[in-house]
Amino acid sequence: MENINQLIGIKKQKLQKMKEMNVNPFPNRCERTHYISELLEKQENFIENEEKIIVVGRLNAMRRQGKVGFANITDNSDKIQIFVRKDTIGEDNYEIFKLFDLGDFVQIDGTCFKTKVGEFSIRAEKVTILSKSLKPLPTVKEKIVDGRKQQYDKFSNIELRYRKRYLDLLLNPEVKDTFILRANIIREIRNFLDAKNYIEVETPIMQSLYGGANARPFSTHHNTLNIDLYLRIALELYLKRLIVGGMERVYEIGKNFRNEGMDRTHNPEFSMIELYQAFADYNDMMKITEDMFLHIANTIFKSDAVKIGETEISFQKPWLRASMIDLIKDETGFDASDFDLTKIRNFFQKHKLEIDEKAGPGKLIEELFEHFVEPKLIQPTFVTDFPKEISPLAKEKPENPLLTERFEIFINGNEYGNAFTELNDPIDQRERLEAQVKLREMGDTEANVVDEDFLEALEYGMPPTGGLGIGIDRLVMLFTNNTSIKEVILFPQMKPEE
RNA sequence: GGGGGUGUAACUCAGCGGUAGAGUAUCUGCCUUUUAAGCAGAGAGUCGACGGUUCAAAUCCGUCCACCCUCACCA
């Protein structure tokens, strides 16, 4: 502790010296004629014209040698070496230069040239402090070995990286790349849907009733209204109201909040896209899913596939499609199609799996799927026909009332999305939600609640509709080859320090 | 919640019962084309927190905290 204060003290002294020299260490304005990347792209031009240029950036390396010095500065576009010579910039300005620290933001006026060893650089004619850094940035040194960048003392402490993401972004360029990719992926989702005449909407995050998923909510309180509110756990029920309202194609990209455990694939607040299309069903949602993933892969990665470790995941159509019950049968030989609870429980016992006594056959079938099948679904797969018992918002299959027209998307052993032919029969919907309430009374804290306003909307009439939800964070993980959700969320949830 | 791991200087790490170490960063000196600049020197630490064992604890033991991995729970 003493030490860091000492380092800060030294920097404050330099700041004080600048003030004594009548130099404002935090000026209000600066100038810039070029981004660094613009100089690098047309190096020869800038050298030949001897054009006066001005760049701004953060100082991230300094090699001073007597009356001359080299430094590297970085802006949002790239980095460049600057060459500062006492004879050129003058004695007073050189005194300022000597007070520069790593981490300072500076403005460099000068011209471009190549050094003796051939590095494209800026010969400074004037250096200006733009913002003095008081806390020492961790130092990461780089060296190019055989054309590859070798880093030394990389800023790699995971906890520090997440808690101080600004340092992570600054010191680990690949982290910034991940979040740029995230932004691009979301943009391409929008482009894809906008081109199909979907309307992007925003629905309430604070809701007096929550629904649309099985999850425990966060709750809060509105003082003026004096009511308790919940943070949404899904977008679903409000988007369906819009379908009732005649918006035939809608989507929303936004955060959901679930008051549950956290791990490599779960953050309490996470981003989802949900889209709904009137006069469509879950088959249409499969097509949209395939096309959307392909669109992202094609536009951003110029490819139909991504590589995860040694595995290549191909998004080429058509993806595999198989029903949950068939997949279980293929994998284990067990036929659960009759939903015989005793038979299913016996199968659980045979495999020494823990049985949830309160669970019905549908829930247990899902558990069998998760245990035996899910990890093996590597290539993109639509797992279809979920038990009705665990799908309270999905329409049942006409030929089998135990099942629904629902699918989930599985890739590389993980779930990426959920979709169904939406239940639009208000009487059936009421029964399903009331069944959920019974589950809640039996202690299931994640069961749905009855949303009378939503049911009323259905009573006015909702057209046949297909709906689809995809986890944005996991999608980004997939496309950026990350195994932790914290790597794709800028500020993941952390316990407070101290 | 169970199991395993990590926590030492601003950063990256070594040390694992006997006076707290290295590299980088910082400071001082020398140095007008360096690039992980160099050379010489200096300063910098409640060894995550609190207890215990011991003549002696960064090191052994216990409790707690944070983070990571994993299983369970959960989308």
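Counting from 331, one number per residue, gives the positions in the first sequence under the numbering used here. For every residue, glycine included, the Cβ atom is placed at its ideal position computed from N, Cα and C.
Pairwise C-alpha distance: residue j and residue i
i, j, result
"N335", "M348", "20 Å"
"E381", "I708", "55 Å"
"D686", "L694", "8 Å"
"G773", "R675", "21 Å"
"P794", "P648", "24 Å"
"L650", "T711", "5 Å"
"Y606", "F400", "58 Å"
"E620", "N742", "16 Å"
"N778", "G797", "18 Å"
"Q537", "F821", "24 Å"
"I366", "Q395", "24 Å"
"F702", "T662", "7 Å"
"E518", "K344", "47 Å"
"P728", "K688", "27 Å"
"N586", "G477", "44 Å"
"G639", "P503", "21 Å"
Per-residue DSSP class, three states only, for residue i
i, result
"E332", "With a pLDDT of 44 at E332, under the threshold of 50, the predicted position of this residue should be treated as unreliable, and no value is reported."
"D476", "coil"
"R517", "helix"
"H681", "coil"
"M528", "Note on identity: in this sequence residue 528 is Tyr, with Met being the wrong assignment. Residue state, collapsed to three classes: coil."
"K632", "coil"
"Y482", "strand"
"I340", "helix"
"I583", "strand"
"A564", "coil"
"R415", "strand"
"Q346", "helix"
"L650", "strand"
"M622", "helix"
"K637", "strand"
"L511", "helix"
"D614", "helix"
"G747", "strand"
"L539", "coil"
"D660", "helix"
Residue i Cβ short of 7 Å to the ligand GDP heavy atom set
i, result
"F509", "Because no ligand of any kind appears in the structure shown, any question about the ligand GDP cannot be addressed here."
Strand pairing of residue i, partner residues [DSSP]
i, result
"P717", "L733"
"S407", "Per DSSP, none; premise fails for S407."
"I383", "G440"
"M592", "According to DSSP, M592 bridges with nothing at all."
"K725", "Answer by DSSP bridge pairing: none, since K725 is not bridged."
"M392", "A401"
> At what residue ranges does the region 350-377 contain a whole run of the alpha helix (DSSP H), taking only runs of 4 or more?
Replying inline: 366-371
>> List, from N- to C-terminal side, the alpha helix (DSSP H) runs of 4 residues or more that fit wholly inside the region 749-824.
In response: 756-771, 782-790, 802-810
> Do the region 577-585 and the region 764-784 make contact, defined as three or more Cβ pairs closer than 8 Å?
Replying inline: no
>> Between the region 780-789 and the region 813-826, can you find at least three pairs of beta-carbon atoms closer than 8 Å?
In response: no
>> Please give me, in chain order, every unbroken run of the beta strand (DSSP E) with length at least 3 that falls completely inside the region 425-472.
In response: 435-444, 450-461
> Within the chosen definition, does the region 591-605 reach the region 629-641 through at least 3 CB pairs nearer than 8 Å?
Replying inline: no
>> Check whether the region 711-729 and the region 752-762 are in contact - that is, three or more C-beta pairs closer than 8 Å.
In response: yes
> Between the region 533-552 and the region 517-524, do at least 3 Cβ pairs fall closer than 8 Å?
Replying inline: no
> If we count Cβ pairs, one from each stretch, closer than 8 Å, do we get three or more for the region 362-377 versus the region 437-455?
Replying inline: yes
>> Does the region 406-419 come into contact with the region 443-460, if we say contact requires no fewer than three beta-carbon pairs (one atom in each stretch) closer than 8 Å?
In response: yes
> For the region 483-491 against the region 349-368, are there 3 or more C-beta pairs whose distance is under 8 Å?
Replying inline: no
> Should the region 502-511 be regarded as contacting the region 538-557, the criterion being three or more beta carbon pairs within less than 8 Å?
Replying inline: no
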